[in-house]
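Taking this note's numbering, the leading residue of the sequence shown gets 735, the next gets one more, and so forth.
Reading through the structure tokens given below for one structure.
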Amino acid sequence: MKWALIGASRIAAGHMIGAFRAQPGGEVTAVLSADARRGAAYAEEHGIARSFDDLGTLLAEADCDAVYISTTNEKHHDQALAAIAAGKHVLCEKPLAMSVADAVRMVRAAEEAGVVFATNHHLRNAGAHLAIRDLVASGRLGRILSVRVFHAVNLPQALRGWRITDAGAGGGVIPDITVHDADTVRFHLDEDPVEVVAQMTASGLGQGVEDSVMSVWRMPSGVMVSTHESFTHPFAGTGIEIHGTEGAVVARDVMAQTPQGSVTLVYADGRHDVPFETHDLYERSMRLFEAAVRGEGRPSADGWDGVKSLAVALAVREAARTGAAQTIDYGV
Ligand code: NDP
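Next up, the structure:
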């Protein structure tokens, strides 16, 4: 497949260009940047034939089947609608949009146009998470009682731009990390949170946006979920624990972009290491996306998954802002 990049971003450079090229016949043919000089330099650095500074021109002239949108978050909606109208398949970064209504509009437009639309939630592609999901689904943990997610990190210096200063661009730890945790919990439990309570703060990095949040979610089954996301924790490590009546799964350092960490099954008779695959998360995601374009299966996280992760994240922020429990509005 031939891809055009909408956004000359770090995530495209660090992970996605390689993932597109790792597929059989995979090519990246064009890049869009609002800054023509930066776009040209980015194209040269990454071996991309053409750069554009106008989306309409790129969509009309670039040789591409699909676009990957990784601009700042407030741009995703309009760019996705334009790409869909041009008949392109779309892989869009999380959070899909600034509001649930906008995200729903994007997904519905793709459905009406008959193009594949996916959300770049990488974690559900990790071998560790696939192993955890298998354990939960197998029933070996018994009845699931609770989930704890630890996703408090030390935001790398290079990322300390719009994420910590610009609410209008979609900054803040909730749109950045809580969306991923929402998708991951939904993936493991196969159900959608109903209601959330939360508190957030700016604990050293956030300027006009939150850099830390803790929330508790109510699931339809009665499972209790707690999550902690932050940009300001150099020493916390990440992880997820799923506790059941017969056993627990305890995973450490698995809320990551690379295949890493450990998964442990805890039973009354002791602790057991759980083996898992160590493939590239983004390459697996692209393999499933391209299969979906061929009419085989679905992307690992589709558009509705992106709508739902955004809905949970925005409810968490609203709960923290108001101090009141929020019923999650999935916009459908
Ligand atoms: P970047 O800050 O790297 O890029 C966002 C925009 O900022 C780019 O489109 C670019 O604008 C501009 N920009 C980037 N670098 C520079 C620079 N050096 N000087 C001037 N402008 C620059 O964002 P990220 O890659 O961190 O994130 C992009 C999107 O991807 C977000 O939606 C984010 O939530 C998501 N993301 C997802 C991840 C995942 O694993 N799924 C991981 C990381 C991010 P222009 O294109 O106009 O040149």
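All C-beta atoms, glycine included, are put in the ideal place defined by N, C-alpha and C.
Exposure of residue i, with buried meaning 16 or more beta-carbon neighbours within 10 Å
i       : result
Gln891  : exposed
Phe1023 : buried
Arg1028 : exposed
Tyr1001 : exposed
Asn888  : exposed
Phe969  : exposed
Gly1004 : exposed
Arg1021 : buried
Glu963  : buried
Residue i, DSSP secondary structure in three states
i       : result
His1006 : strand
Val881  : strand
His962  : strand
Ala800  : strand
Gly876  : coil
Thr730  : The question about residue 730 has no answer here: the residues shown for the chain are numbered 735 through 1066.
His1013 : coil
Ser785  : strand
Ala852  : strand
Thr912  : helix
Ile976  : strand
Ser767  : coil
Val1050 : helix
Gln1060 : strand
Val907  : helix
Glu944  : coil
Arg986  : strand
Arg1032 : coil
Lys736  : strand
Val734  : With the chain covering 735 to 1066 only, the question about residue 734 has no answer from this structure.
Ala820  : coil
Met1020 : helix
Among the options, the one whose alpha carbon lies nearest that of residue i
i       : options                          : result
Ser960  : Leu875, Asp812, Leu879, Thr998   : Leu879
Gly773  : Asp787, Asp987, Arg986           : Asp787
Val928  : Arg920, Met934, Thr935           : Arg920
Gln1060 : Ser743, Arg867, Ile740, Ala932   : Ala932
Asp924  : Ala1035, Ala1053, Ile745, Met735 : Ala1035
Val824  : Asp836, Met832, Phe851           : Phe851
Val881  : Gly781, His977, Pro954           : His977
Val997  : Glu808, Ser964, Val907, Val870   : Val870
Asp799  : Trp737, Asp910, Gly956           : Trp737
Gly902  : Leu830, Gly956, Glu808           : Glu808
Lys1042 : Asp797, Gly741, Gly973, Leu830   : Leu830
Leu739  : Leu815, Cys826, Arg771           : Cys826
Val984  : Arg1032, Gly1057, His863, Asp900 : His863
Phe965  : Ala816, Met953, Ile908, Gly973   : Ile908
Worksheet item: Below 8 Å, can you find three or more Cβ-Cβ pairs linking the stretch 835-848 to the stretch 942-959?
Response: Short answer: they don't touch.
Discussion item. Check whether the stretch 905-917 and the stretch 1040-1057 are in contact - that is, three or more C-beta pairs closer than 8 Å.
Written reply: Segments in contact, yes.
Worksheet item: Would you call the stretch 985-995 and the stretch 1010-1017 touching, i.e. three or more CB-CB distances under 8 Å?
Response: The stretch 985-995 vs the stretch 1010-1017: in contact.
Worksheet item: Between the stretch 750-760 and the stretch 810-822, are three or more C-beta pairs nearer than 8 Å?
Response: No contact exists between the stretch 750-760 and the stretch 810-822.
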